[in-house]
Structures are given as C-alpha cells and as structure tokens.
Amino acid sequence: MDQEAIRKGARLVETTDPKSKIRLLHVKSDHLLPHTYIIESPSALQILLQPWLVGASLANSARESSKDFLCAAFGIVKEFRNSTIDTVTEVVPLAGALYYSLAEAFEAVFGETINRCFIGAKRHLSESGWMTDLSYLNFEAMTAQPLILIGDTIATGGTIESIIQATMNHSSEIRAIVVYSIAGGLKGAVRLKHLADRIQIPVYTFYSNAIFGVEPNGTDMPWLHPGTVVSPEIGNKAEMVYGLDLGRRWCSIWDWGDRSKHPLKHLRELIERCDFELSKVPNKQTRAILERIKNECRTALKSLSRSLSLK
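Below you can see the structure in the form of structure tokens.
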C-alpha cells in the first residue's frame, strides 16, 4: 500500500459546527470511507504529544476526548441522532478500549448509561503478519436494531475488522457502526473501507488529530510518516514537539495497553528508549527533546510513588 500517495490524494474539508469549539475535518479520498473524519481534540492531542502522560491525567484526557468524539458524531451521524437511549450499544475490545472511558463520556454528554458488550481481543505476529485472537465474547447487552459505538487504537485494522465481524454475528439489525480512534492508522482506515463495502452497513470513522501512516512493523504510527493525513496546524505542532528526527521515527501513541494499564512499565521503557537515543549522539535539538521527555517521565514516576491519601 502506497500510504504517501493516498495521503497526497486526500482532501481535508472543514466541517466544524459553528457552535462547537472542536475543529472537525472531513477527509475525502477514494481509498477511505465516505464518512471519515478527523477531530482536532485538544485532550487527545495532549495524549499524542506528551508520551509521559499516564495515570489520572491520561484517563481524564481520554475521557474528554471521547466526549469530543460523541458530540461530533452526534452532529454527523443521522442514525445516532435518530436513536433512543436503549438502542445505543458500545462494543468494548478488552482491555485497552476500557481506557477510552466511552461509557463515562456517554453519561456525561447524554445523561444516561450505555449498553455495553465485551470482546477479548489480542494481536499476535505470525509468519503471514498480524493476527487477532478473540478469546472472550459477551453480547448479553446487545439490543434490537442497535447503533454500535467502538473506541479503540487502530493500526493495520485487523483487530477492528474481527471485532466488527464478531458483532455482526450477534445482530443482523445493526443500523450503523461508529468508530473512534485516539490513534488510528491509514492502513486500518483503508481496510475499514473495504470491510464496509462488503457488509453493506453504514460505517462512520472518527480519528483524533490525524490519520497516521503505519510503519512496516504494523504497529508504530509516527506523526511525520509520509502517509500521515494531518492539517498543517497540527502537523506543525507535532514537529515542534518532536523535531524532524523523532517525529519521523517514534510512534505517536506508544503501547496504549501498557500506557493505560501499566504506567510504571511504560515510563521506564520510555526512559530506556531516551537513553538509547542519547547514546547515539543525536543533534542538539533532538538531545534537548529527549532530555525533556526523560525529565517529564521522572516527574511522573515520582508522582506515582507518592503515598496514598484521600482527595
């Protein structure tokens, strides 16, 4: 897949609601779903530009970004606006998607809880590429004629495709599927287009701040990848934070599972990565960026090691 060519052929069309403070861009490309959008969520941008953000700060930012998504999706998706509370169902890929806090965001935006179904999904690398194992399925909360919401990190799209297919096996009346990714890859976006063409169900996709080019390893999604679809304003912010070198090589989200579930591991590995990069004698700008990230990680580690106390 020539991601750079797809990026060059894509057009970003301003679709922001005049009443909204969040910028919304319609991404138009023959390679992508007709309903593909980028939400320039400030909360999600913090996650993507501050790799040391973990714990309560990460949880709060993820929840706020999910609120931004729900508000944007409600304005765009007619099936969403025409829904009753009892027909909206979140399908939760375990366990990383739990940390999108979509259910909490839904209650904050709409004043009610949401039906929730759960899928245990895990990627593994085989000789033929990345594969997804579904180890647990719980669709007890599936409703009649549901509108499906899914929030998850998407790289090549194999996991989200498996999740959607499993969901379809438990309902033949799905009115629409609405997907949100704080860090979503271009390969996955193209794959979702092919899936939607086959299943004949309306699929709407919303990505925070960019649709990232995916590295050959099928996991890393750098800000400055040649295939990253992003507005000039957000792209410039990413370049200012990471510089040209790290912005081209480092993943924008890191390991979402470790970052959300095991913050100590994430921070320690991030410090190790900084030390490795510093050992290669980078240029002055890159060295300053790495030192700053290390210092922020140390501060976060110190915060997590403080004594437990009531708020």
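At the far end of the sequence shown sits residue 306, using this note's numbering, and the numbering has no gaps.
Glycine included, every Cβ here is placed at the ideal spot set by N, Cα and C.
Quick caveat: nothing in here was measured; it's all calculated off a predicted structure.
The segment 70 to 83 and the segment 239 to 255 do not touch, with fewer than 3 CB-CB distances between them shorter than 8 Å. Closest by C-alpha distance to residue 204, out of 100, 166, 26, 61, is 61. Between residue 266 and residue 289, the beta carbon gap of about 6 Å places them in contact (Cβ cut-off 8 Å).
Boundaries of the alpha helix (DSSP H) around residue 243: 227 to 244. Put simply, the backbone Cα of residue 103 is about 23 Å away from that of residue 256.
The alpha-carbon separation between residue 99 and residue 195 amounts to approximately 30 Å. The beta carbon of residue 28 is closer than 7 Å to those of 187, 188, 191, 198, 200 in its chain, skipping five residues each way along the sequence. Contact between residue 170 and residue 74 is confirmed by a C-beta separation of about 5 Å, below the 8 Å threshold. Separation of residue 101 and residue 95 (C-alpha to C-alpha, rounded to the nearest whole angstrom) is 11 Å. Here residue 152 is near residue 183, since their CB atoms are less than 9 Å apart.
Separation of the CB atoms of residue 63 and residue 36 is rounded to 4 Å, and the pair is thereby assigned contact status at 8 Å. In this structure, residue 146 places its C-beta atom within 9 Å of the C-beta atom of residue 92. Runs of beta strand (DSSP E) with 3 or more residues, each lying fully within the segment 87 to 154, are found at 110 to 121, 124 to 133, 142 to 146, listed in chain order.
Assignment of residue 23 by DSSP, reduced to helix, strand and coil, places it in the strand class. The Cβ atoms of residue 30 and residue 72 sit closer than 9 Å to each other.
Annotation: residue 248 to residue 218 spans about 10 Å, alpha carbon to alpha carbon. Take the alpha-carbon of residue 164 and the one of residue 279: they are about 55 Å apart. Residue nearest to residue 78 within the set 141, -4, 49 is 141 (criterion: CA-CA distance). Note on residue 294: under 16 other CB atoms within 10 angstroms of its CB, so exposed under the neighbour-count rule. Straight-line measurement puts the Cα of residue 15 at about 15 Å from the Cα of residue 38. Nearest neighbour of residue 135 by Cα position, chosen from 166, 287, 105, 12, turns out to be 166. Non-local C-beta neighbours of residue 229 in its own chain, meaning closer than 8 Å and more than five positions away in sequence, comprise 35, 40, 204, 205, ordered along the chain.
51 is the residue among 2, -1, 51 whose C-alpha sits nearest the C-alpha of residue 306.
Residue 38 sits in a helix when the DSSP states are folded into three classes.
Partner residues in the beta bridge of residue 83, as assigned by DSSP, are 142. Distance from the CA atom of residue 179 to the CA atom of residue 150, rounded to whole angstroms, is 6 Å. The closest CA to that of residue 284, considering only 47, 224, 58, is found on 47. The continuous beta strand (DSSP E) containing residue 172 extends over residues 171 to 176. A direct Cα-to-Cα measurement between residue 148 and residue 172 gives close to 16 Å. Bridge partners of residue 7 according to DSSP: 22. Residues 285 of the same chain have their beta carbon placed closer than 6 Å to that of residue 273, with the five preceding and five following residues left out of the count.
Residue 44 is positioned such that its CB atom lies closer than 9 Å to that of residue 236.
When DSSP states are grouped into helix, strand and coil, residue 185 belongs to the helix group.
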